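Chemist: This is the structure I want to talk about, given as structure tokens.
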Amino acid sequence: MAKIGTAILGAILLVITLAAAGASSALSVLGGSGGSQPNRTALADIPPSYLALYQQAATTCPGLNWSVPAAIGKVETDHGRSTLPGVHSGSNNKGAEGPMQFLRPTFDATTAKHPIPQRGTRAPSPYNPRDAIYTAVAYLCDSGARDGRNLHQAILTYNPAEWYVSKVLAQAQDYQSTSSLGGTAKANPSAREAINYAQGQLGLPYVWGGNGPAEGDTGFDCSGLTKAAYAAAGISLSRTAEEQFRTGPQVGKGQPLMSGDLVFYGNPHGGIHHVGLYIGDGKMINAPNFGEKIKIAPYRYEGDDYAGATRPASSASSSSA
133 MAKIGTAILG AILLVITLAA AGASSALSVL GGSGGSQPNR TALADIPPSY
183 LALYQQAATT CPGLNWSVPA AIGKVETDHG RSTLPGVHSG SNNKGAEGPM
233 QFLRPTFDAT TAKHPIPQRG TRAPSPYNPR DAIYTAVAYL CDSGARDGRN
283 LHQAILTYNP AEWYVSKVLA QAQDYQSTSS LGGTAKANPS AREAINYAQG
333 QLGLPYVWGG NGPAEGDTGF DCSGLTKAAY AAAGISLSRT AEEQFRTGPQ
383 VGKGQPLMSG DLVFYGNPHG GIHHVGLYIG DGKMINAPNF GEKIKIAPYR
433 YEGDDYAGAT RPASSASSSS A
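Residues in the sequence shown are numbered from 133 upward in steps of one, following my numbering.
Printed below as a string of structure tokens:
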């Protein structure tokens with residue numbers, strides 16, 4: 133429900149879910165590509181008219197993948213198929229309306245700021261799927277989703293409960309194609325767990341030597357993030373980027389990257405200075421530098437000193453085979 137006004141409920145839910153945060157998982161491969169492909173799960177579950185709207189609307193927010201508003205639509209009303217009060221008329225007991233469950237003041241304020249494209253002269257309605265989905269994307273974009281700045285906060289603004297964020301992210305992952313258009317190979321479960329964890333840290337600050345809130349730090353540095361991400365998947369990594377690069381296992385030159393690979397920068401012969409977690413579609417999650425936040429970014433860029441990649445998840449795969 134977009135921006136529920138029940139602060140006490142949100143606080144209670146937040147406390148409950150923070151206690152289980154270490155065991156929760158979210159998703160992978162959400163950043164930067166509104167046009168990425170729906171998988172068979174998405175095609176089977178999402179009505180074609182809704183799927184087209186999610187994909188079209190997501191293009192209006194750079195860095196927001198269509199699967200995120202689609203996941204919200206699923207969690208809120210099963211893509212408008214729910215028969216509960218407030219979905220097709222009236223409101224629920226919190227005042228939410230329509231397939232994306234907007235509070236009317238939030239809907240009106242967002243549509244006033246972001247007019248719905250090609251709406252004509254009719255007034256926007258939260259019950260109209262097109263109006264609701266475009267407005268949900270605009271609201272997410274204003275709340276932190278633009279350019280992948282803080283997707284976690286954007287979803288938390290939509291509904292202020294950590295359990296809700298985790299549920300939306302997991303649903304978005306379920307709708308994503310398991311491989312990218314750029315030849316990225318399929319991730320294994322351990323890699324997905326690592327990405328799930330890293331996705332949940334988006335928007336936290338870069339902190340030199342930081343190991344994250346669970347260790348008493350407000351954020352992470354680059355290798356602290358990758359170490360914590362794989363720890364969530366039950367895989368122990370060394371602490372520094374240099375050590376993580378050395379321990380491998382290395383991805384051979386010319387081999388396609390897999391979601392969950394670690395991508396490194398610097399001199400491969402003894403000067404690795406940065407690491408990120410590859411999530412597919414040419415993107416990584418990383419803690420970049422002082423004054424920046426954990427974010428999704430292209431893993432290759434002009435002037436980079438890319439050194440290669442490792443595949444920590446392969447050790448889990450081989451041990452369980």
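A virtual CB, placed ideally from N, CA and C, is assigned to each residue, including glycine.
A quick note: this is a predicted structure, and the numbers were derived from the prediction, not measured.
Going by alpha carbons, who is nearest to residue 233 out of 215, 407, 439 and 244?
Modeler: Nearest C-alpha to residue 233: 215.
Chemist: When the Cα atoms are used, what is the spatial distance from residue 248 to residue 268?
Modeler: Going from the Cα of residue 248 to the Cα of residue 268 covers about 11 Å.
Chemist: Could you tell me which residues DSSP puts in a beta bridge with residue 427?
Modeler: BP columns for residue 427 point to 418.
Chemist: Is the distance from the Cβ of residue 325 to the Cβ of residue 380 below 9 Å?
Modeler: Contact: no.
Chemist: Using 8 Å for Cβ pairs, my map puts residue 304 next to residue 329. What's the rounded Cβ distance?
Modeler: Actually they are not in contact, since the Cβ atoms of residue 304 and residue 329 sit about 15 Å apart, beyond 8 Å.
Chemist: Just list the residues that DSSP pairs residue 406 with in beta bridges.
Modeler: Answer is 397.
Chemist: Residue 423: which of 339, 223 and 224 sits nearest, CA to CA?
Modeler: Closest option to residue 423, Cα to Cα, is 339.
Chemist: With three or more C-beta pairs closer than 8 Å as the rule, is the stretch 227–241 touching the stretch 249–264?
Modeler: Contact between the stretch 249–264 and the stretch 227–241 is present, because at least three Cβ pairs lie under 8 Å.
Chemist: With a Cβ-Cβ cutoff of 9 Å, do residue 284 and residue 333 count as a contact?
Modeler: Yes; because the gap between Cβ atoms is below 9 Å, this pair is in contact.
Chemist: Considering Cα atoms alone, identify which of 291, 402 and 406 is closest to residue 396.
Modeler: Closest option to residue 396, Cα to Cα, is 406.
Chemist: Do you know offhand how far residue 105's Cα is from residue 187's?
Modeler: Given a span of 133 to 453 for the chain in the structure shown, any question on residue 105 remains unanswerable.
Chemist: If you count every other CB in all the chains shown that lies within 10 Å of the CB of residue 175, and 16 or more means buried, which is it?
Modeler: It is exposed - the Cβ of residue 175 has fewer than 16 other Cβ atoms within 10 Å.
Chemist: Taking 9 Å as the cut-off, decide whether the C-beta atoms of residue 351 and residue 336 are in contact.
Modeler: Cβ distance < 9 Å, so residue 351 and residue 336 count as in contact.
Chemist: Using CA atoms only, rank isn't needed, just tell me which of 221, 189 and 443 is closest to residue 387.
Modeler: Checking every option, the nearest Cα to that of residue 387 belongs to 443.
Chemist: Applying the criterion that 16 or more other CB atoms from any shown protein chain within 10 Å of the CB defines a buried residue, is residue 199 buried or exposed?
Modeler: Buried.
Chemist: How about residue 320 and residue 390: are their beta carbons less than 9 Å apart?
Modeler: For residue 320 and residue 390, yes; Cβs fall inside 9 Å.
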